[in-house]
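Peer 1:
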Amino acid sequence: MGELAQAFRTRRGAKLVDVRAEVVFRVMFFVAILLWPIGRAIYPAAGIGGAWLFPLGTVIGWLGLLLRWWSFVSLGKYFTVTVRTSEDQLVVERGPYRVLRHPSYTGLLLIFSGGGLIADNWVSAAGADAVLLVALIYRLRIEERALEEALGSRYRQFAEDRARLVPFVW
Numbered sequence: 014m015g016e017l018a019q020a021f022r023t024r025r026g027a028k029l030v031d032v033r034a035e036v037v038f039r040v041m042f043f044v045a046i047l048l049w050p051i052g053r054a055i056y057p058a059a060g061i062g063g064a065w066l067f068p069l070g071t072v073i074g075w076l077g078l079l080l081r082w083w084s085f086v087s088l089g090k091y092f093t094v095t096v097r098t099s100e101d102q103l104v105v106e107r108g109p110y111r112v113l114r115h116p117s118y119t120g121l122l123l124i125f126s127g128g129g130l131i132a133d134n135w136v137s138a139a140g141a142d143a144v145l146l147v148a149l150i151y152r153l154r155i156e157e158r159a160l161e162e163a164l165g166s167r168y169r170q171f172a173e174d175r176a177r178l179v180p181f182v183w
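First residue of the sequence shown: 14, per my numbering; consecutive thereafter.
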């Protein structure tokens, strides 16, 4: 609900980067969510099995949610749910941004991975994670381009020292 409310708030001087990109991201996001029950319905034999899946999925999902919230708090007034830049934009380097360029997206991947384990179906889990990952890569490329245009060398230096989504990997 907080993200939905945030979508309707705009900072003074903020500019929406690309409406089309936002629509594509949102559609893919909801398709990924729908893949959990669809995968279970179409491929019920693809169950992973094991009583440990639900608690493990819950822990991973909560860790993702906490990382996402920490990211929002660290960004402060610069957090938006749409890709926007503003005249007073800063490069935020505190909190999880010390390690990652897009920690809230990493959190979202953890939430979906946890949900996939809870769904107890590898088709659901893999399908939802794959669609979400494609959506996130699409969006973060647009976001990085916008930040580089708005912040120039400050953002390039920040990006040079950090992984995008997975520490020490990418």
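Quick reminder that beta carbons are idealized off the backbone N, C-alpha and C, glycines included.
None of the values given here were measured: they were computed from a predicted structure.
With a 10 Å radius around its C-beta and 16 neighbouring C-beta atoms as the bar for buried, classify residue 85 as buried or exposed.
Peer 2: The count along the sequence shown starts at 1 and reaches residue 85 at position 72. Counting Cβ neighbours within 10 Å, residue 85 comes out buried, since at least 16 surround it.
Peer 1: Between the C-alpha atoms of residue 106 and residue 171, what's the straight-line distance to the nearest angstrom?
Peer 2: Here the question's residue 106 lines up with position 93 in the sequence shown. Here the question's residue 171 lines up with position 158 in the sequence shown. Roughly 8 angstroms separates the two Cα atoms.
Peer 1: Look up residue 121 in the DSSP assignment and say whether it is helix, strand or coil.
Peer 2: For the purposes of this step, residue 121 is taken as the residue at position 108 of the sequence shown. Helix at residue 121.
Peer 1: Take residue 38 and list the residues in its own chain whose beta-carbon comes closer than 7 angstroms to its own, dropping the five residues that flank it on each side.
Peer 2: Taking the first residue of the sequence shown as position 1, residue 38 is located at position 25. Excluding five sequence positions before and after residue 38, the CB atoms of its chain that fall closer than 7 angstroms to its own CB belong to 148, 151, 152, given in chain order.
Peer 1: With a cut-off of 8 angstroms, do at least 3 Cβ pairs link the segment 40-55 to the segment 77-93?
Peer 2: no
Peer 1: Rounded to the nearest angstrom, how far is the Cβ of residue 175 from that of residue 121, given a contact under 8 angstroms?
Peer 2: The residue you call residue 175 lines up with position 162 of the sequence shown. The residue you call residue 121 lines up with position 108 of the sequence shown. Not really, about 17 angstroms apart at Cβ, beyond 8 angstroms.
Peer 1: Mind checking residue 73: buried by the 16 CB within 10 Å criterion, or exposed?
Peer 2: Start at 1 with the first residue of the sequence shown, and residue 73 comes out as number 60. With 16 or more Cβ atoms within 10 Å of its Cβ, residue 73 is classed as buried.
Peer 1: If you draw a straight line from the C-alpha of residue 116 to the C-alpha of residue 182, how long is it?
Peer 2: Reading the sequence shown from its first residue, position 103 is the one you call residue 116. Reading the sequence shown from its first residue, position 169 is the one you call residue 182. When rounded, the distance between both Cα atoms is 14 angstroms.
Peer 1: List the residues that DSSP assigns as beta-bridge partners of residue 176.
Peer 2: The residue labelled residue 176 in the question sits at position 163 within the sequence shown. Within the DSSP secondary-structure output, residue 176 pairs in a beta bridge with 113.
Peer 1: Any idea if residue 43 is buried or exposed, counting beta-carbon neighbours within 10 angstroms, 16 or more meaning buried?
Peer 2: Stepping through the sequence shown from its first residue, residue 43 is reached at position 30. Exposed, by the Cβ-count rule.
Peer 1: Three or more C-beta pairs under 8 angstroms: does that hold for the segment 130-137 against the segment 57-67?
Peer 2: With contact defined as three or more Cβ pairs closer than 8 angstroms, the segment 130-137 and the segment 57-67 are in contact.
Peer 1: Using C-beta distances below 7 angstroms, list every residue in its chain close to residue 88, excluding the 5 sequence neighbours before and after it, in chain order.
Peer 2: As a working mapping, residue 88 is identified with position 75 in the sequence shown. 105.
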